[in-house]
RNA sequence: GCACCCAUAGCUCAGCUGGAUAGAGCGCUGCCCUCCGAAGGCAGAGGUCAAAGGUUCGAAUCCUUUUGGGUGCGCCA
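In my numbering, the protein residues as written are 18 to 593.
Here's what the structure looks like:
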């Protein structure tokens with residue numbers, strides 16, 4: 018059970034009974050009625066805006082409605098008091114027993130506390146990472162990987178049927194470049210001196226691939242024309258890169274449900290099918306685009322291309338899907354891929370891209386909107402850059418200088434848990450500073466530590482209690498009776514609501530910030546025990562109080578654990 | 001030139017998709033361990049929410065314009 022939902026239901030119920038008794042007009046739309054935690058604790062435990070929202074449609078004064086509602090609400094056992102305040106807010110104070118019920122709910126539901134049926138089993142496809150299979154994942158991919166993974170988990174937790182998917186760009190020119198680069202390493206493995214010219218990938222990670230190729234085919238391709246080896250080497254190389262990328266993802270704890278190959282779209286009629294669908298809707302035509310203003314490319318000349326009329330769906334210009342030489346542009350397989358997602362029956366699509374792909378948002382949305390007839394929403398989340406620091410000094414990345422930082426480097430240096438949490442301490446569309454030293458620091462300005470510390474502290478208390486032979490149980494909670502304790506419980510009560518709003522907004526970072534707040538509330542209560550011994554969790558010679566307090570912090574532990582679970586971070590029992 | 005993202009305390013950032021006196025960390029000032037982990041906590045100082053209009057009971061949040069940053073802009077993915 019979730020307290021905010023319960024109380025909101027109660028408010029609605031009271032409003033309806035007022036309407037039934039003629040004290041309110043019938044048929045009011047209650048959709049905007051909200052029950053929220055007030056910013057100022059002096060305003061009680063919960064506040065509702067019902068009176069202000071309904072004042073206009075009801076043709077009544079806000080405070081008049083609020084007074085009537087207050088009267089009705091006060092009859093419920095859960096409500097201690099309901100006061101009209103300000104322009105028409107109704108501030109509610111809940112009974113202590115109601116708060117104690119939250120502790121019981123949390124402990125009873127355990128890992129399920131906060132789970133929601135908001136998504137109603139809707140099928141959602143979350144596409145993320147989707148890095149070109151030309152090398153290991155780097156820090157930029159890391160953020161997208163963590164964000165996408167946490168978003169997927171959050172949506173699952175909120176009742177969606179989620180598929181995590183990776184689109185492999187193995188159909189374009191860049192995999193030919195990869196093949197040629199591997200071929201050079203292959204010649205090198207045969208003892209030849211080779212030069213890496215512009216347009217090839219000189220990375221060391223291809224040395225092993227070249228050698229593996231040699232082991233597989235011997236000297237079969239040495240001195241042979243490209244036409245003979247390009248295709249098999251390309252397949253070999255992409256497969257090797259994808260194996261590398263899967264390992265990178267595994268190191269970070271990311272598990273995809275599905276890898277989708279761009280190449281599989283070619284020669285199977287699937288691109289043609291998707292384009293045909295658009296053509297049938299009258300959205301494909303041949304035309305010449307205007308040159309972009311202000312940029313003035315030197316080699317511009319008008320060309321007739323096959324275009325998708327994306328301007329019908331809010332794009333700025335129509336987009337080419339076929340080059341003047343008759344080959345597909347990259348956009349065509351992208352369309353086909355999303356067409357495929359739609360035909361697989363997803364109710365909602367989410368793409369996670371790097372911010373440098375911001376220019377493709379409108380055209381992709383246009384395509385999905387056109388292909389699905391507006392049925393399937395596509396949300397595109399852009400992840401901003403990660404700036405690396407070491408002890409406050411910018412950490413410059415350079416492929417040539419060998420200071421190129423890969424995902425694996427980061428994970429090996431700070432571990433997957435820290436990597437994941439820190440990546441979620443900023444909104445996805447805000448740039449993120451990642452300092453290798455600070456994220457490992459054990460102090461309160463490191464949110465990972467701060468949250469983990471709260472969990473570890475609880476475990477520490479539980480160990481002490483176990484030594485004393487006291488078991489936690491949600492039995493008699495009457496000894497939970499202090500405002501500071503109820504404040505902590507109130508924080509726990511917010512969790513289910515937070516899950517829903519974060520999921521609806523597609524913003525997993527809210528979970529990280531919530532956990533930081535919750536940890537703060539626990540640390541605060543802990544330290545109040547310095548001045549007020551009665552607030553300490555372990556009460557000598559008072560097993561009843563101790564058990565109640567153990568139930569309280571056990572509930573905190575459950576919520577921290579549930580939240581970290583969504584972020585893909587393992588809660589620790591001890592700080593080391 | 002056009003589009004998208006961003007602008008909140010000295011610094012780094014939240015702000016629950018329109019609510020009451022705008023919050024946290026760092027930094028600064030002063031406090032709190034005979035006590036379950038002080039790796040923490042409490043208190044204080046610090047703001048024309050970039051600017052100006054508009055929408056309404058109510059705006060940091062929504063709309064318009066302006067200023068100032070970032071990203072992108074045909075036959076590359």
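Glycine included, each C-beta is placed from N, C-alpha and C at the ideal position. Computed from a predicted structure; not experimentally measured.
Check	Outcome
Simplified DSSP assignment, three categories, for residue 116	helix
Same chain only: Cβ atoms within 8 Å of residue 193, ignoring 5 sequence neighbours per side	247, 251
The region 395 to 408 touching the region 131 to 139, judged by at least three CB pairs closer than 8 Å	no
Identity of the residue in 161, 349, 567 nearest residue 486 by Cα	567
Residue 53 versus 62, 560, 171, 114, residue with shortest Cα-Cα distance	62
Contact check, residue 433 vs residue 165, beta carbons under 7 Å	no
Candidates 203, 219, 94, 262, of which the one nearest residue 158 by Cα	262
Proximity to residue 365 [Cα-Cα], best of 144, 588, 423	144
Segments of 3+ residues assigned as beta strand (DSSP E) that fall wholly inside the region 176 to 217	178 to 185
Per-residue DSSP class, three states only, for residue 551	helix
Cβ contact check for the region 292 to 310 and the region 345 to 358: 3 or more pairs under 8 Å	yes
Bridge-paired residues (DSSP) for residue 74	Looking at the DSSP assignment, residue 74 forms no beta bridge with any residue, so it has no partner.
Burial state of residue 122, where buried means 16 or more other Cβ atoms lie within 10 Å	buried
Three-state class that DSSP yields for residue 57 in the structure shown	coil
Contact set for residue 47: own chain, Cβ-Cβ below 6 Å, skip 5 residues either direction	29
Environment of residue 49 [buried if 16+ CB atoms lie within 10 Å]	exposed
For residue 44 and residue 331, the rounded distance between their alpha carbons	37 Å
Same chain only: Cβ atoms within 6 Å of residue 456, ignoring 5 sequence neighbours per side	431, 435, 439
Assigned exposure category for residue 146 - 16 Cβ within 10 Å defines buried	buried
Rounded straight-line distance, which links the Cα of residue 545 to that of residue 570	14 Å
Residue 142 and residue 182 closer than 7 Å at C-beta	yes
Where residue 577 falls: helix, strand or coil (DSSP)	helix
In chain order, each beta strand (DSSP E) run of at least 3 residues that lies wholly inside the region 281 to 325	301 to 305, 321 to 325
Outcome for residue 265 when other beta-carbon atoms lying within 10 angstroms are tallied against a minimum of 16	buried
Distance between beta carbons of residue 589 and residue 473, contact taken as under 8 Å	6 Å
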